[in-house]
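At position 56 of the sequence shown (counting the first as 1) the number is 191 in my numbering, and the numbers step up by one without a gap.
Glycine included, each C-beta is placed from N, C-alpha and C at the ideal position.
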Amino acid sequence: MFDLRDKVAVITGGRRGMGRAHALALSSRGAKVIVTDIDAKECALVVEEIKSKGSEAECFKMDVSNKKEVDAVFDEVIKKFGRLDILVNNAGIYISKPALDIIEENWEQMIHINLKGQFLCAQRAAKEMAKNKWGRIINVASIASGGVGIGIAGGAHYTASKGGVIGMTETLAVEWAPLGINVNVVAPGAIDTPMVNSADMSKEEMDALLQGIPLKRMGKPEEVSAMVVFLASEEASYITGATFYVDGGWLAQ
Ligand SMILES: NC(=O)c1ccc[n+]([C@@H]2O[C@H](COP(=O)([O-])OP(=O)(O)OC[C@H]3O[C@@H](n4cnc5c(N)ncnc54)[C@H](O)[C@@H]3O)[C@@H](O)[C@H]2O)c1
Numbered sequence: 136m137f138d139l140r141d142k143v144a145v146i147t148g149g150r151r152g153m154g155r156a157h158a159l160a161l162s163s164r165g166a167k168v169i170v171t172d173i174d175a176k177e178c179a180l181v182v183e184e185i186k187s188k189g190s191e192a193e194c195f196k197m198d199v200s201n202k203k204e205v206d207a208v209f210d211e212v213i214k215k216f217g218r219l220d221i222l223v224n225n226a227g228i229y230i231s232k233p234a235l236d237i238i239e240e241n242w243e244q245m246i247h248i249n250l251k252g253q254f255l256c257a258q259r260a261a262k263e264m265a266k267n268k269w270g271r272i273i274n275v276a277s278i279a280s281g282g283v284g285i286g287i288a289g290g291a292h293y294t295a296s297k298g299g300v301i302g303m304t305e306t307l308a309v310e311w312a313p314l315g316i317n318v319n320v321v322a323p324g325a326i327d328t329p330m331v332n333s334a335d336m337s338k339e340e341m342d343a344l345l346q347g348i349p350l351k352r353m354g355k356p357e358e359v360s361a362m363v364v365f366l367a368s369e370e371a372s373y374i375t376g377a378t379f380y381v382d383g384g385w386l387a388q
């Protein structure tokens, strides 16, 4: 099960955190992995690590909110690897700001990267996947994306972007089902990555948050990668348009 040999996967925001873990996990199942990020320097380290284990990988600088850059990188990937099977739309930012202080630029930056970026990559990827009538797109949202009763103070623009990801995914799943492309969402809870560690939260606030999670700890990036690998595989053939929460039981409270 979960054999990804001969599959080509693009991961956005892959230099660190969950993106890095997803790249390593997909490559461990045999996928050829293209690690992209707005910061290419650290991407190269991830690629080195994958290659040292004998797998194929490549890195590209790609700002997901820049259509020209997205198209150019996907063109290059297709030229080099001849196909595209899996896209993990992982790149994202979180900048905490009280709603009364958010200015238009803050709003636009968040929506451009977290929501428009996922659409640009998904659209370009789907054009390629449709040629083989097979594709898997995994969009990363968050437990803070609406509909489940989790509001995050300071994250009005973030939650709006992630809620948009879920709505967009359901529609793409419907439109692209006839093309053989399954589109799903992974919505993590609190995961131990640089994003969470740089969030504007005191130790006391973090402890209180973790006490509210049944498993009483943050998740590890690899614990989210397991879901990503499953959704990227043939075994997820009857799953599309769905959202999977990987949250240590947070929503079960
Ligand atoms: N860590 C958590 O608890 C948590 C919870 C829910 C959802 N998420 C989501 O998971 C995803 C991964 O987050 P993470 O926690 O690993 O954070 P992270 O900050 O470690 O990783 C995010 C990556 O995205 C890259 N990035 C930022 N802007 C970009 C752009 N314009 N183009 C390309 N790459 C860009 C960053 O350089 C970074 O490598 C994000 O979408 C985030 O919103 C994280």
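Local conformation of residue i per DSSP, three classes
{"i": "L235", "result": "helix"}
{"i": "P349", "result": "coil"}
{"i": "I169", "result": "strand"}
{"i": "R259", "result": "helix"}
{"i": "N201", "result": "coil"}
{"i": "Y380", "result": "strand"}
{"i": "K214", "result": "helix"}
{"i": "N241", "result": "helix"}
Short Cβ contact (8 angstroms threshold) for residue i with residue j
{"i": "V275", "j": "N224", "result": "yes"}
{"i": "G289", "j": "P323", "result": "no"}
{"i": "I185", "j": "A158", "result": "yes"}
{"i": "A295", "j": "I287", "result": "no"}
{"i": "L350", "j": "G302", "result": "no"}
{"i": "I272", "j": "V199", "result": "no"}
{"i": "Q253", "j": "V300", "result": "yes"}
{"i": "A325", "j": "M362", "result": "no"}
{"i": "K268", "j": "L314", "result": "yes"}
Cβ-Cβ separation, residue j to residue i (assumed contact under 8 angstroms), whole Å
{"i": "T375", "j": "A312", "result": "6 angstroms"}
{"i": "A166", "j": "L139", "result": "4 angstroms"}
{"i": "G148", "j": "D172", "result": "6 angstroms"}
{"i": "A179", "j": "L222", "result": "Between L222 and A179 the Cβ distance is about 21 angstroms, and since that is not below 8 angstroms, they are no contact."}
{"i": "E370", "j": "F137", "result": "6 angstroms"}
{"i": "A292", "j": "I237", "result": "Strictly speaking, residue 292 in this sequence is His, with Ala absent from that position. Indeed, because the Cβ distance is near 6 angstroms, the residues count as touching under 8 angstroms."}
{"i": "M245", "j": "I316", "result": "Not confirmed; about 27 angstroms, so no contact."}
{"i": "V168", "j": "I146", "result": "7 angstroms"}
{"i": "V331", "j": "V359", "result": "Wrong, their Cβ atoms sit about 12 angstroms apart, outside the cutoff."}
heavy atom of ligand 1 below 7 angstroms from residue i C-beta
{"i": "P323", "result": "yes"}
{"i": "M362", "result": "no"}
{"i": "P233", "result": "no"}
{"i": "N241", "result": "no"}
{"i": "S200", "result": "yes"}
{"i": "Y380", "result": "no"}
{"i": "V170", "result": "no"}
{"i": "T294", "result": "no"}
{"i": "P349", "result": "no"}
{"i": "I273", "result": "no"}
CB contact below 8 angstroms: residue i versus chain C
{"i": "R151", "result": "The displayed structure is made up of one protein chain only, and chain C is not part of it."}
Residue span of the beta strand (DSSP E) that contains residue i, given as start and end
{"i": "G270", "result": "G270 to V275"}
{"i": "E305", "result": "Careful: E305 lies outside any beta strand (DSSP E), inside the alpha helix (DSSP H) at A291 to W311."}
Extent of the continuous alpha helix (DSSP H) to which residue i belongs
{"i": "A156", "result": "G152 to S163"}
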